Structures are given as C-alpha cells and as structure tokens.
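Protein chains: 2
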Amino acid sequence: MAGAQMVQNFIAGGAAVNQLCKAIDADLRVYEMALDRPTADFTAEPAMSEADCALAMAYGMMAVEPGVDVIALGEMGIGNTAAAAALCAGLFGGVAVDWVGPGTGVAGAALARKIAVVDEALRRHRHAASDPFDVLRRLGGRELAAIAGAVIAARRARVPVVLDGYACTAAAAVLFAADPRAIDHCIVAHRSAEPGHARLLARIGKTPLLDLGMRLGEASGATLALAILKSALACHTGMATFAEAGVSGKS
Amino acid sequence: MAGAQMVQNFIAGGAAVNQLCKAIDADLRVYEMALDRPTADFTAEPAMSEADCALAMAYGMMAVEPGVDVIALGEMGIGNTAAAAALCAGLFGGVAVDWVGPGTGVAGAALARKIAVVDEALRRHRHAASDPFDVLRRLGGRELAAIAGAVIAARRARVPVVLDGYACTAAAAVLFAADPRAIDHCIVAHRSAEPGHARLLARIGKTPLLDLGMRLGEASGATLALAILKSALACHTGMATFAEAGVSGKS
Chain A
56 MAGAQMVQNF
66 IAGGAAVNQL
76 CKAIDADLRV
86 YEMALDRPTA
96 DFTAEPAMSE
106 ADCALAMAYG
116 MMAVEPGVDV
126 IALGEMGIGN
136 TAAAAALCAG
146 LFGGVAVDWV
156 GPGTGVAGAA
166 LARKIAVVDE
176 ALRRHRHAAS
186 DPFDVLRRLG
196 GRELAAIAGA
206 VIAARRARVP
216 VVLDGYACTA
226 AAAVLFAADP
236 RAIDHCIVAH
246 RSAEPGHARL
256 LARIGKTPLL
266 DLGMRLGEAS
276 GATLALAILK
286 SALACHTGMA
296 TFAEAGVSGK
306 S
Chain B
56 MAGAQMVQNF
66 IAGGAAVNQL
76 CKAIDADLRV
86 YEMALDRPTA
96 DFTAEPAMSE
106 ADCALAMAYG
116 MMAVEPGVDV
126 IALGEMGIGN
136 TAAAAALCAG
146 LFGGVAVDWV
156 GPGTGVAGAA
166 LARKIAVVDE
176 ALRRHRHAAS
186 DPFDVLRRLG
196 GRELAAIAGA
206 VIAARRARVP
216 VVLDGYACTA
226 AAAVLFAADP
236 RAIDHCIVAH
246 RSAEPGHARL
256 LARIGKTPLL
266 DLGMRLGEAS
276 GATLALAILK
286 SALACHTGMA
296 TFAEAGVSGK
306 S
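Order-wise, the sequence lines are chains A and B. Quick note: the first sequence uses the numbering used here, first residue 56, plus one each step. Quick note: the second sequence uses the numbering used here, first residue 56, plus one each step.
Here it is as structure tokens:
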C-alpha cells in the first residue's frame with residue numbers, strides 16, 4: 056500500500072511538501088481519506104454513495120480552520136489522475152484520450168489501459184449523472200470530494216484558496232460546473248506537466264501563477280505559489296508611495 | 056532627479072525589492088553608478104569611454120562578495136530600456152522597433168521618439184563597434200556594464216546568477232555575444248512584460264522561471280525567483296528517498 060506509506064512520509068516530514076512548508080513558513084495538515092476503505096470500481100458502479108461523498112466533502116470543509124489566512128490545497132492519491140480525467144470528461148465533455156495523461160509515468164500499453172478504463176467509466180456514468188456533484192460521486196474519489204468541500208468552506212469563510220495541479224483543479228472544477236462564480240476565490244498555483252491540466256485551465260478560465268513542469272501533486276505547486284503570494288503581499292503592505300519616497304513623478 | 060530619489064528609497068527600505076528581500080531573507084546591496092555624472096548622449100558619441108566602461112564593469116565585479124551563495128542581479132535606471140534595446144540591436148541585429156517597448160509606460164509620440172533615438176544611436180555606432188564589449192561601451196550605460204562585470208565575477212567564483220528583466224538580461228547578453236558559454240551559470244528569473252525581453256530570451260536560449268507580467272526592474276523579479284530556488288534546494292536537501300520513506304516502488 057504505497058498510499059499509506061506516502062501518508063506516513065508526510066507525517067514523518069520526508070516529502071517534498073514538508074520541505075516547501077518549512078522553506079515558506081506554512082503549516083501542513085494531512086487528512087487521511089479512509090485509505091483502508093477504497094472507493095468502488097467506477098467502471099462497475101459509482102465510486103461513492105451519496106452519503107460517502109457528502110462525508111468526504113464535510114471532512115474537507117473542516118480543513119478551513121478559524122484564523123487561516125490562505126489555504127493551499129492538494130492531494131496525494133495513487134491513480135487519481137485517472138479519476139481527475141474521468142471527472143473532467145464527465146463535467147466538460149470529450150473522451151478519455153482528451154483528458155488522460157501519463158500521471159506518475161504511465162506509458163505504452165499501461166497508458167492505453169488507463170484510457171480504456173476511463174472511457175469505460177464514462178460510458179457507464181455519463182448519461183446517468185444528474186449534476187456536477189453526481190459526476191463527482193460517480194467518477195471522483197474521496198480526496199477530490201474533500202477538496203471540493205474545502206473550496207466551498209473557504210469561500211464561505213472568505214479565505215483565498217491556492218489550487219495545486221490537475222487532480223486538485225479537477226475537484227474545484229466540479230463547483231465551477233455548478234456555478235462558475237463558485238471558484239472566483241481560487242488561484243491556480245501552477246500548470247502541471249499533466250497535459251489535461253492546460254485543457255482544464257482553459258475551460259475554467261484560470262491562468263496559473265507558475266509553469267515549471269511540476270507534476271508531483273501533494274500540494275507542492277500550491278505551497279510554492281504561497282511564496283509568490285507572500286512576496287506580493289509584502290510589497291503591497293511595505294512599499295513607500297511615490298509621495299512618501301519623495302519621487303517626483305514617473306519619468 | 057528621480058533616479059537619486061529612487062536610490063534613496065532603496066536605502067530607506069521603501070522600494071519593492073526591499074520588501075521582497077525581507078520576505079525571502081535575502082541581503083540587498085545598492086550600488087550607485089555615478090548618478091551625478093551621466094553617460095554621454097549615445098546619438099552623438101559613445102555612451103562611455105573605454106576606461107569608464109571598464110571601471111563600471113570592475114565596480115560590478117565587486118558585488119560578488121566572498122561567501123555569497125547566489126546573486127540576483129538587477130538595475131534601476133531612468134530610460135535604460137532604450138539603452139537595453141539599442142544594446143540588443145547592436146549585438147543581435149534588427150532595428151529599434153524590434154527591440155523598443157513602452158518601458159515605464161511610454162506610448163504614442165513619446166514611444167515613436169524613443170524608437171527614433173535608438174535608431175539614431177544604431178546608425179552612429181553599429182558599424183563602428185568592434186566587438187560586443189565595444190557595443191556595450193557605445194550603447195549601454197554604467198549599470199549595464201556593472202551587471203556584465205558581476206556576471207563575469209560570479210562565473211569565476213562559481214556563484215550562480217539570477218538575472219532580472221530586460222535591461223539586466225541585455226547586459227548579460229553582451230557576454231553571450233562574446234561567448235555563449237559565458238552565461239551558462241545564469242538563470243533568467245522572469246519574462247518581463249517589456250516585449251523585447253521575450254525576443255532576447257529566444258535569442259540567448261534561456262527559459263525564464265516566472266512569467267508574471269512584471270516590469271518594475273530593481274531586481275524585483277530576480278529576488279522573487281530566489282524564493283523558487285530556495286524551495287527547490289529545500290526539497291533537494293530535505294526529502295526522504297523512496298527507501299528511507301519505505302515506499303515500495305512507484306505505482
């Protein structure tokens with residue numbers, strides 16, 4: 056179970072996001088999404104029941120703790136770029152090949168299999184899904200539902216959100232599909248190397264802050280983007296005006 | 056004299072770069088390049104004598120102090136995007152309109168005048184210039200010569216360099232024109248909103264780290280890019296290996 060080991064690595068402080076949080080002076084919270092209880096095979100049935108999806112969303116809502124200035128969201132999930140691709144196709148149309156990419160490095164026959172699985176899931180659920188949240192329940196995963204929940208809670212709390220890469224943006228795109236204004240408080244941290252991300256960003260009209268070919272997930276891009284936000288804020292609050300500096304007009 | 060006032064603002068801590076240095080924990084050094092003794096009118100004669108240009112380069116070399124980990128270079132100069140444009144055209148060909156942009160916001164008749172002045176300087180010096188350093192002396196300014204000197208000194212000291220926007224990259228491009236390997240130790244921080252910068256980056260084969268529409272100069276982009284470098288270094292030095300983390304192979 057590589058997923059549980061990777062969660063343990065976050066807790067032990069050995070992951071990329073731990074180093075980034077230290078470098079940028081951000082606090083890390085790790086939410087473990089019932090790794091011992093996998094979601095259902097979405098080629099056969101909905102990944103989650105309505106209750107399970109709602110529970111995951113509510114769990115994500117708790118991430119917006121009182122006093123938070125800004126929240127950088129991300130995820131770690133084995134195989135969840137497939138769920139993200141299915142979610143994007145379910146929300147915005149297209150077939151699997153439009154949205155599926157190599158993820159952590161899938162290629163050749165394994166990539167063809169990934170595409171076939173996503174197309175199978177789309178055939179099963181696309182016409183049955185009643186709204187974007189039902190698409191999420193059928194094609195998503197608990198971590199994606201939790202991210203959607205956190206984005207909603209942040210909006211209600213007037214906390215700006217920084218979204219990480221493909222899977223994280225796909226989760227927020229569920230809300231966009233329901234109401235485009237629902238993610239106006241979200242900044243996309245970076246353009247992931249996963250090719251579906253650029254397509255998704257175009258669809259939701261978001262320009263990422265960074266474009267560094269990152270593809271790690273685990274909120275690494277979102278955390279790095281916090282450094283840009285902190286710097287912008289430092290300029291906004293600390294700079295002298297022309298009058299204060301005694302500068303006599305632009306040249 | 057807006058230039059002297061702006062230097063005073065750097066020293067007083069009211070400029071953007073001061074806030075960025077604080078946010079990123081970088082040290083700022085301000086080198087004042089004989090503001091009371093302007094370079095000559097480059098439409099009439101070389102901007103600098105050989106001795107003056109060499110002195111400015113030597114002054115810039117001193118910026119690479121012992122023990123420096125990395126150096127982010129930038130400049131503040133009134134009207135120096137015109138010098139940068141002339142320098143680029145002198146080094147790489149083309150006419151003024153290929154390299155001149157709005158700078159701090161020049162438009163309309165003033166922009167046409169800026170283009171005409173640069174073309175006039177190019178007519179006077181282009182065929183007389185004997186090598187890239189002679190182009191620098193004729194069309195550049197002291198701050199651009201100082202930056203070229205700092206890039207050379209950093210290379211000799213094995214210190215990586217982060218270059219700021221258009222004027223700073225144009226200064227480093229003098230060395231590229233002399234020998235393309237001379238700026239292999241330089242990273243370009245960001246793509247400036249000044250349109251000549253993208254053309255220059257293509258010419259010297261550098262991909263910027265950031266593309267945020269910045270155009271302030273004063274090493275603001277280079278300082279911001281230090282945050283990315285520090286984060287990358289934190290990941291490189293602090294992350295656990297798969298073996299240390301007990302992760303059983305990629306999925």
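Yeah, the Cβ is synthetic: ideal placement off N, Cα and C, and Gly gets one too. Computed from a predicted structure; not experimentally measured.
Under 8 Å between C-beta atoms of residue i and residue j
i: ARG236 (chain A); j: PRO263 (chain A); result: no
i: THR278 (chain A); j: LEU75 (chain A); result: yes
i: LEU142 (chain B); j: LEU191 (chain B); result: yes
i: HIS182 (chain B); j: GLY145 (chain B); result: no
i: VAL214 (chain A); j: VAL123 (chain A); result: yes
i: ALA203 (chain A); j: MET112 (chain A); result: yes
i: PHE231 (chain B); j: ILE242 (chain B); result: no
i: ASP189 (chain B); j: ALA233 (chain B); result: no
Rounded separation between residue i and residue j - CA only
i: ASN64 (chain B); j: CYS290 (chain A); result: 14 Å
i: ARG193 (chain B); j: ALA164 (chain B); result: 26 Å
i: ALA227 (chain B); j: MET88 (chain B); result: 17 Å
i: THR94 (chain A); j: ALA102 (chain A); result: 5 Å
i: GLY69 (chain A); j: THR296 (chain B); result: 8 Å
i: LEU256 (chain B); j: GLY195 (chain B); result: 18 Å
i: VAL161 (chain A); j: ALA212 (chain B); result: 42 Å
i: ILE126 (chain B); j: ASP80 (chain B); result: 13 Å
i: LEU265 (chain B); j: GLU100 (chain A); result: 43 Å
i: MET117 (chain A); j: GLY220 (chain A); result: 21 Å
i: SER275 (chain A); j: LEU284 (chain B); result: 14 Å
i: SER286 (chain B); j: VAL206 (chain A); result: 25 Å
i: LYS109 (chain A); j: GLY115 (chain A); result: What sits at residue 109 (chain A) in the sequence shown is Ala, not Lys. Taking the straight line from one Cα to the other gives about 10 Å.
Cβ-based burial, residue i [other Cβ within 10 Å; buried from 16]
i: ALA140 (chain A); result: buried
i: ASP66 (chain B); result: Note on identity: in this sequence residue 66 (chain B) is Ile, with Asp being the wrong assignment. It counts as exposed.
i: HIS252 (chain A); result: buried
i: SER375 (chain A); result: The question about residue 375 (chain A) has no answer here: the residues shown for chain A are numbered 56 through 306.
i: ARG178 (chain B); result: exposed
i: GLU299 (chain B); result: exposed
i: ARG84 (chain A); result: exposed
i: GLY148 (chain A); result: exposed
i: ARG270 (chain B); result: buried
i: ARG197 (chain B); result: buried
i: ALA167 (chain B); result: exposed
i: GLY260 (chain A); result: exposed
i: ALA106 (chain A); result: exposed
Three-state class that DSSP yields for residue i in the structure shown
i: ILE126 (chain B); result: strand
i: VAL243 (chain A); result: strand
i: SER306 (chain B); result: Because SER306 (chain B) sits at a pLDDT of 45, beneath the cut-off of 50, its placement in the model cannot be relied upon, and the following sentence gives the value as read from the coordinates. Here SER306 (chain B) sits in coil by DSSP.
i: GLY293 (chain B); result: helix
i: LEU218 (chain A); result: strand
i: LEU110 (chain B); result: helix
i: LEU281 (chain B); result: helix
i: LEU255 (chain B); result: helix
i: VAL83 (chain B); result: Here the sequence assigns Leu to residue 83 (chain B), which means Val is not the residue at that position. DSSP places LEU83 (chain B) in coil when its eight states are reduced to three.
i: LEU230 (chain B); result: helix
i: GLY265 (chain A); result: According to the sequence displayed, residue 265 (chain A) carries Leu and not Gly. Looking at LEU265 (chain A) - three-state DSSP - the assignment turns out to be strand.
i: LEU319 (chain B); result: What is shown of chain B runs 56 to 306, which leaves residue 319 (chain B) out entirely.
Contacts around residue i, its chain only, beta-carbon distance under 7 Å, and the 5 residues preceding and following it disregarded
i: VAL152 (chain A); result: ILE170
i: GLY268 (chain B); result: ALA248
i: ALA59 (chain A); result: LEU90
i: GLY156 (chain A); result: THR136, GLU249, PRO250, GLY251
Beta-carbon contacts of residue i that lie in its chain and below 6 Å, excluding the five residues immediately before and after
i: MET131 (chain A); result: MET61, GLY272, GLU273
i: ARG210 (chain A); result: HIS240
i: ALA137 (chain B); result: LYS169, VAL173
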